[in-house]
Amino acid sequence: MESLKRCPSCRGEAELIQFPVLSDQLWQVNCCQCGMGTELNDDRFISVQQWNRRDREERFRSLVTLLGVLLPTMMLLMFFLGVFLGISMIGSEAP
Ligand SMILES: [Zn+2]
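With the numbering used here, letter number 14 in the sequence shown gets 1457, and the count goes up by one each step, no holes.
#1: With burial defined as no fewer than 16 other Cβ atoms inside 10 Å of the residue's Cβ, what is the status of threonine 1508: buried or exposed?
#2: Within its chain, find whatever has a CB closer than 8 Å to the CB of glutamate 1500; leave out the 5 residues flanking it on each side and keep chain order.
#3: With a cut-off of 6 Å, give the chain-ordered residues whose Cβ is closer than this to any heavy atom of ligand 1.
#4: Hey, how far is the Cα of glycine 1478 from the Cα of leucine 1510?
#5: Using a Cβ-Cβ cutoff of less than 7 Å, which residues in the same chain neighbour glutamine 1461 once the five nearest sequence positions on both sides are dropped?
#6: Pick from Phe1488, Leu1528, Gly1525 and Arg1504: whose alpha carbon is nearest that of leucine 1447?
#7: Mapping DSSP to helix, strand and coil, what is glutamate 1500?
#8: Starting from isoleucine 1489, follow its DSSP beta bridges and name the residues at the other end.
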């Protein structure tokens, strides 16, 4: 069986929980720390896959978020650097 990856949001341990429903069983993977979990599924393997896929999606999303924060910051820095260089150039040209 595929092993459970750590929680994508808090890196806590995850556990596979079994819900007995009438004659059937439902499965859900839950984080022990923050309680984040997958949807209930009647197949434990799908639950595990959903959980492990979420980890990958979350990592991708955080990368996108990081880029979304980093790019404007870089542009702002470049702008200020440009302003600074522009000012110092003007300053050096002045007699
Ligand atoms: Zn968690």
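Heads up, the beta-carbon is just placed ideally off N, CA and C, and yes, glycines get one too.
Reading it off the structure:
#1: Here residue 1508 refers to the residue found at position 65 when the sequence shown is read from its first residue. It is exposed - the Cβ of threonine 1508 has fewer than 16 other Cβ atoms within 10 Å.
#2: What you label residue 1500 is simply residue 57 of the sequence shown in a count that begins at 1. So the qualifying residues of the chain are Pro1451.
#3: Cys1450, Ser1452, Cys1453, Gly1455, Cys1474, Gln1476, Cys1477 and Met1479
#4: For the purposes of this step, residue 1478 is taken as residue 35 along the sequence shown, with counting starting at 1. For the purposes of this step, residue 1510 is taken as residue 67 along the sequence shown, with counting starting at 1. Answer to the nearest angstrom: the Cα atoms are 28 Å apart.
#5: Position 18 of the sequence shown, counted from the first residue, corresponds to residue 1461. Result list for glutamine 1461: Gln1468 and Trp1470, in chain order.
#6: If you number the sequence shown from 1, residue 1447 lands on position 4. Checking every option, the nearest Cα to that of leucine 1447 belongs to Phe1488.
#7: As a working mapping, residue 1500 is identified with position 57 in the sequence shown. Of the three classes helix, strand and coil, the one that applies to glutamate 1500 here is helix, per DSSP.
#8: Your numbering for residue 1489 matches position 46 in the sequence shown. Beta-bridge partners of isoleucine 1489 (DSSP): none assigned.
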